[in-house]
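Residue numbers (my numbering), protein chains in the order written: chain V, 13 to 410; chain E, 13 to 410; chain R, 13 to 410.
We treat Cβ as the ideally placed atom computed from N, Cα and C, and that holds for glycine.
Here is the structure we will look at.
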Amino acid sequence: MDKKMQEYLDRLAGLDFRNMYEGDFFLTWEKTDDELNAVFTVADALRHLREQNVSTKIFDSGLGISLFRDNSTRTRFSFASACNLLGLEVQDLDEGKSQIAHGETVRETANMISFMADVIGIRDDMYIGKGNTYMHGVVDAVKAGYEAGILEQKPTLVNLQCDIDHPTQCMADMLHIIHTFGGAENLKGKKIAMTWAYSPSYGKPLSVPQGVIGLMTRFGMDVVLAHPEGYDVMPETLAVAEKNAAASGGSFRKTGSMEDAFRDADIVYPKSWAPFAAMEKRTDLYAKGDTEGINALEKELLAQNAQHKDWCCTEEMMALTRNKSALYLHCLPADINGISCTDGEVAASVFDRYRDPLYKQASFKPYIIAAMIFLAKQKNPAETLRSLAERNRPRHIL
Amino acid sequence: MDKKMQEYLDRLAGLDFRNMYEGDFFLTWEKTDDELNAVFTVADALRHLREQNVSTKIFDSGLGISLFRDNSTRTRFSFASACNLLGLEVQDLDEGKSQIAHGETVRETANMISFMADVIGIRDDMYIGKGNTYMHGVVDAVKAGYEAGILEQKPTLVNLQCDIDHPTQCMADMLHIIHTFGGAENLKGKKIAMTWAYSPSYGKPLSVPQGVIGLMTRFGMDVVLAHPEGYDVMPETLAVAEKNAAASGGSFRKTGSMEDAFRDADIVYPKSWAPFAAMEKRTDLYAKGDTEGINALEKELLAQNAQHKDWCCTEEMMALTRNKSALYLHCLPADINGISCTDGEVAASVFDRYRDPLYKQASFKPYIIAAMIFLAKQKNPAETLRSLAERNRPRHIL
Amino acid sequence: MDKKMQEYLDRLAGLDFRNMYEGDFFLTWEKTDDELNAVFTVADALRHLREQNVSTKIFDSGLGISLFRDNSTRTRFSFASACNLLGLEVQDLDEGKSQIAHGETVRETANMISFMADVIGIRDDMYIGKGNTYMHGVVDAVKAGYEAGILEQKPTLVNLQCDIDHPTQCMADMLHIIHTFGGAENLKGKKIAMTWAYSPSYGKPLSVPQGVIGLMTRFGMDVVLAHPEGYDVMPETLAVAEKNAAASGGSFRKTGSMEDAFRDADIVYPKSWAPFAAMEKRTDLYAKGDTEGINALEKELLAQNAQHKDWCCTEEMMALTRNKSALYLHCLPADINGISCTDGEVAASVFDRYRDPLYKQASFKPYIIAAMIFLAKQKNPAETLRSLAERNRPRHIL
């Protein structure tokens with residue numbers, strides 16, 4: 013057992029996360045500080061083991077089911093990587109190739125795919141009021157199936173992005189911040205700007221800004237949410253952010269000025285999203301199958317967006333930040349001026365300077381997902397980590 | 013070795029299934045009673061081991077190839093689960109992404125995908141006279157390839173539904189019946205009703221009713237096949253059912269009345285299917301590429317179906333059965349009144365009451381498939397089961 | 013350790029292939045003779061171990077990423093088989109289901125999929141000047157990511173077919189030739205005809221003929237490239253072939269006559285391809301999105317092809333070869349007269365006679381890919397092979 017592993021085990025010993033066993037991961041604010049800390053610690057421990065070429069397979073067989081109701085590269089590969097790291101084989105539920113259109117219920121599908129499933133990862137972020145609800149439907153169904161003796165294990169749900177939160181993304185972002193600043197204890201009083209930014213596309217999910225203000229307010233930081241008028245996020249998540257900030261000794265405020273948010277910020281997260289009200293409207297239009305209405309709304313939203321092309325993370329904006337060198341974050345892919353579009357979320361020179369840290373930020377996601385699974389599946393996670401380290405089975409026989 | 017495992021091994025010791033080694037699974041009626049019994053026993057044993065958290069991996073590497081020529085959720089996940097349980101990685105042959113359209117022969121494709129394949133699972137149920145024939149083409153090809161030294165192993169074929177039979181489904185149904193009634197020895201004289209039921213869709217495969225009458229007649233039960241005039245199944249399968257019933261000391265008869273079939277039944281299996289003659293016609297129309305003819309046929313069949321909306325598994329129907337509580341079966345997904353359609357195969361209240369048993373029924377399929385593979389791949393299956401139990405390697409390191 | 017394994021290890025001991033460690037495989041002519049010989053030897057050794065039911069898994073977990081920008085059956089299954097054989101799970105990057113269309117850079121995508129990737133296999137053969145360039149972009153990106161500490165390992169690239177070469181195919185072809193003729197030492201002075209053949213389709217990649225003349229000229233053989241006027245391959249590859257032939261003591265020449273090429277040939281490889289100039293033009297038309305231009309070009313090319321229906325591997329042609337029994341090669345699927353088309357690349361009777369050897373030829377590809385990965389991933393490949401043989405872990409527990 014090397015010193016680092018011992019530190020991780022010591023840290024876990026001081027945390028109470030027993031309720032995560034056999035649990036699920038929906039929203040970060042449904043978890044205690046200790047529980048989030050446990051996720052970060054297990055993620056670091058799993059990464060450390062892998063870096064030492066130590067296998068962390070805890071499953072000899074078993075499936076990890078993924079269901080993506082929206083396109084995905086990073087999250088898809090992160091989930092696949094996490095499952096593989098723990099010994100599970102990914103099986104994707106492609107609704108187009110299934111009989112689900114046939115009219116079967118969530119309860120049925122959830123059980124039918126879970127006979128040998130240890131994990132279900134779902135991305136369902138397109139429609140307000142739908143994604144998180146769907147995930148709860150799946151969990152209720154497999155719980156009932158497990159209790160009725162149909163399933164031999166209750167698969168754990170990992171929310172791979174819903175309409176409310178994007179916990180695997182925001183937890184990966186946060187772990188990146190923690191590492192960059194040398195520990196969560198150094199974050200008190202740091203200013204983080206979660207700001208809207210212009211994009212030529214429209215309708216991007218709100219789960220990232222909502223997840224960021226819901227999570228980053230728990231570390232004593234000064235969190236500022238900035239966006240043009242009309243680009244409000246879900247009111248419930250504002251309430252979560254305010255409550256968290258008060259509890260953590262930090263602060264949370266909203267502003268209509270990007271400059272205000274960037275001034276003296278230690279961390280900036282400029283990213284496009286769609287107005288909450290418009291997304292609600294869109295959800296209704298889709299429910300009605302009103303194609304004309306959807307097209308009209310799209311046109312309207314694009315016109316509204318176009319009025320805010322000045323909301324861009326330029327060099328001038330970055331110069332306003334602490335020592336002109338705030339940590340720049342993005343969940344990727346970003347709309348980069350002159351690269352992926354004419355006008356976008358960020359100037360090419362800014363993006364390019366932060367490329368390595370951005371990729372590093374993304375690299376935490378597989379480990380965050382693996383840690384969520386690990387904590388839900390292991391009765392005594394610290395003991396398992398210790399025995400994996402002692403087993404010392406090479407991941408790659410060199 | 014616990015008592016249950018010992019019972020399974022004892023049961024296997026009394027059966028002759030040596031011909032299953034290196035064999036394939038096409039139709040249940042091509043197998044002896046002992047062979048079917050071996051499948052049930054191995055399925056139970058594999059499930060028991062998994063319930064005890066004992067790994068049943070017999071492969072360290074190797075592929076399980078799946079080819080689905082029709083949509084599938086349950087069977088797809090069952091096949092994936094079975095392969096994973098035994099240590100094989102599933103690789104799906106997606107004909108749309110392959111070069112098969114290029115005009116290559118079955119013989120070629122079959123060999124090209126099989127260099128490291130231990131199993132091939134195929135679903136090809138759409139056209140009368142095609143699916144089973146195709147599967148035999150694949151098996152002939154890989155046999156020739158193995159004998160010519162091209163393949164280092166002969167992959168075993170598992171019929172995941174053809175135009176004639178749906179053996180993995182019907183065997184799972186049967187194992188569910190056996191467990192529900194406390195053993196195959198308790199089935200003599202029990203009445204099972206395989207009946208047509210109304211569905212707003214048309215063209216559902218005949219493989220389930222055909223498979224059911226071909227299999228359930230082997231256990232001394234009184235099997236009744238009920239359908240409106242014109243909804244005949246393939247004549248060959250009627251002959252099989254008659255022969256089986258005579259041999260097993262049970263009975264087989266047809267009726268045109270759902271009530272007649274349900275009266276005093278111990279088990280009911282109400283399910284829509286398409287008329288055999290219409291399916292034959294459709295196969296010809298597809299072969300000719302006659303879109304107009306296909307559309308006309310669809311219209312005609314839907315109109316024909318609509319005359320039989322009274323063929324529904326209502327509470328009134330269920331009240332006719334033994335103690336008003338026959339075991340209700342369905343291969344799922346079912347067309348449920350007021351849930352997946354206005355009028356369908358079954359009343360919502362009936363379906364809901366049987367939900368847990370229905371899901372349990374489905375849960376046997378992965379183990380049935382795994383048992384079919386196991387018996388084809390292991391020279392001495394009982395010995396292997398014993399050594400898996402003794403090896404006692406955890407599936408999940410807790 | 014059996015005698016055959018000892019021979020493979022002895023052969024490896026005499027070769028210098030240290031530069032393959034942590035390397036990539038783009039084009040055969042970028043590798044030394046010793047390096048190619050190492051690939052053949054490791055491929056044979058891995059096959060030998062698998063034939064002896066010895067597991068060759070060197071990875072306990074890890075991903076093999078595949079990206080197919082063109083349809084594929086053989087190469088897809090060969091890559092999946094190779095990864096599985098070594099213990100890697102295949103994860104396919106389906107660009108249609110990803111966010112790549114979003115405008116992200118190669119550099120970003122390459123890193124995002126590689127956090128736990130040990131191998132990346134790419135097929136990108138459609139556009140002249142694109143495929144190989146894209147692969148280099150991916151490798152440069154993951155190298156940079158590895159050096160920046162983003163990736164914990166540098167995935168190795170395996171070129172599964174680009175616009176220039178098809179190294180896994182041609183190496184498999186060559187290993188088949190070596191085995192057929194009893195060793196590379198017996199190939200001096202043998203005549204091999206790589207000839208164009210008629211196909212009713214158009215636009216087939218040039219990578220096979222280019223790869224063949226680039227590789228087969230390295231073994232002292234007399235290599236003849238034959239095609240009708242206008243069907244030139246990339247000039248650079250002609251230069252490579254000439255240089256190789258001179259160095260190996262063989263010869264390379266072009267001819268406009270299929271008869272000339274077939275006369276006294278020991279090996280024939282008749283196969284359709286598109287004119288290089290036309291492919292360049294098509295690449296430009298696609299870049300411009302000029303659908304009309306593309307359609308016009310297709311029509312023109314089909315008309316041009318149709319003038320050369322006499323370029324077919326008939327029995328008469330085969331009768332011209334050495335003892336009327338040259339080894340017939342094809343990368344498959346072939347256009348077979350009267351089977352997959354009216355007029356095609358080969359007469360049905362010829363194809364049928366060579367079916368087994370053709371399938372055998374294809375069977376080397378999974379091992380060639382596995383060997384390429386093995387040599388890039390193992391610091392001391394011979395030592396690893398020795399310890400795999402000594403570990404003697406069964407692939408299939410019988």
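Element boundaries [beta strand (DSSP E), containing residue i]
i	result
Ile-176 (chain V)	Per DSSP, Ile-176 (chain V) belongs to no beta strand (DSSP E) and is neither H nor E.
Gly-76 (chain V)	75 to 80
Thr-85 (chain E)	No beta strand (DSSP E) holds Thr-85 (chain E); DSSP gives it neither H nor E.
Glu-101 (chain R)	101 to 104
Thr-10 (chain E)	Since the first residue of chain E shown is 13 and the last is 410, residue 10 (chain E) is not available in this structure.
Residue i, buried or exposed, once every other Cβ within 10 Å from all chains shown has been counted against 16
i	result
Lys-221 (chain R)	Contrary to the premise, residue 221 (chain R) reads as Pro rather than Lys in this sequence. So Pro-221 (chain R) counts as buried.
Ala-273 (chain E)	buried
Ala-92 (chain E)	buried
Arg-375 (chain V)	Here residue 375 (chain V) is Ser; the residue named in the question, Arg, does not match the sequence. It counts as buried.
Pro-393 (chain E)	buried
Glu-271 (chain R)	exposed
Ala-259 (chain E)	exposed
Asp-14 (chain E)	exposed
Per-residue contacts from residue i into chain V (C-beta, under 9 Å)
i	result
Ile-189 (chain E)	Here the premise fails: no neighbours, minimum Cβ distance about 16 Å.
Asp-355 (chain E)	Within 9 Å Cβ-Cβ: nothing; Asp-355 (chain E) doesn't reach chain V, min ~13 Å.
Which of helix, strand or coil DSSP assigns to residue i
i	result
Met-330 (chain V)	helix
Asn-144 (chain V)	helix
His-320 (chain R)	coil
Cys-325 (chain E)	strand
Gly-133 (chain E)	strand
Met-13 (chain R)	coil
Thr-117 (chain V)	coil
Leu-48 (chain E)	helix
Thr-192 (chain V)	helix
Leu-199 (chain E)	coil
Phe-29 (chain E)	coil
Thr-168 (chain R)	strand
Phe-127 (chain V)	coil
Pro-212 (chain E)	coil
Span of the alpha helix (DSSP H), counted from its first residue to its last, around residue i
i	result
Ala-238 (chain V)	No alpha helix (DSSP H) contains Ala-238 (chain V), which is instead part of the beta strand (DSSP E) from 234 to 238.
Val-224 (chain E)	219 to 228
Thr-44 (chain V)	Where Thr-44 (chain V) is concerned, there is no enclosing alpha helix (DSSP H), given that its DSSP letter is neither H nor E.
Ala-401 (chain V)	393 to 403
Partners in chain E for residue i, counting only beta-carbon separations shorter than 9 Å
i	result
Ala-92 (chain R)	Leu-75, Glu-101, Gln-103, Met-128
Thr-117 (chain V)	Pro-345, Ile-348, Ile-351, Ser-352
Interface residues of chain V facing residue i [CB-CB closer than 7 Å]
i	result
Asn-123 (chain R)	Tyr-371
Gly-157 (chain R)	Tyr-371
Phe-386 (chain E)	The premise fails here: Phe-386 (chain E) is roughly 14 Å from chain V at the closest Cβ pair, so nothing lies under 7 Å.
Where residue i meets chain E, residues with beta-carbon distance less than 8 Å
i	result
Phe-71 (chain V)	Arg-407, His-408, Ile-409
Any non-hydrogen atom of the ligand FAD within 7 Å of residue i CB
i	result
Leu-400 (chain R)	Judged by which ligands are present, the structure shown has none, so any question about the ligand FAD falls away.
Contacts that residue i makes with chain R (C-beta to C-beta distance below 7 Å)
i	result
Lys-391 (chain E)	Leu-410
Partners in chain E for residue i, counting only beta-carbon separations shorter than 7 Å
i	result
Ile-162 (chain V)	Asp-368, Tyr-371, Lys-372, Ser-375
Under 8 Å from the C-beta of residue i: neighbouring residues of chain R
i	result
Phe-193 (chain V)	Near Phe-193 (chain V) there are no residues of chain R at all, since even the closest Cβ is about 17 Å away, more than 8 Å.
Residue i: contacting residues in chain R (beta-carbon distance under 9 Å)
i	result
Phe-52 (chain V)	Within 9 Å Cβ-Cβ: nothing; Phe-52 (chain V) doesn't reach chain R, min ~17 Å.
field: Length-filtered (4 minimum) alpha helix (DSSP H) runs lying within the segment 339 to 379 of chain R
entry: 360 to 365, 367 to 375
Segments assigned beta strand (DSSP E), at least 3 residues, entirely inside the segment 243 to 311 of chain E: 263 to 267, 279 to 283
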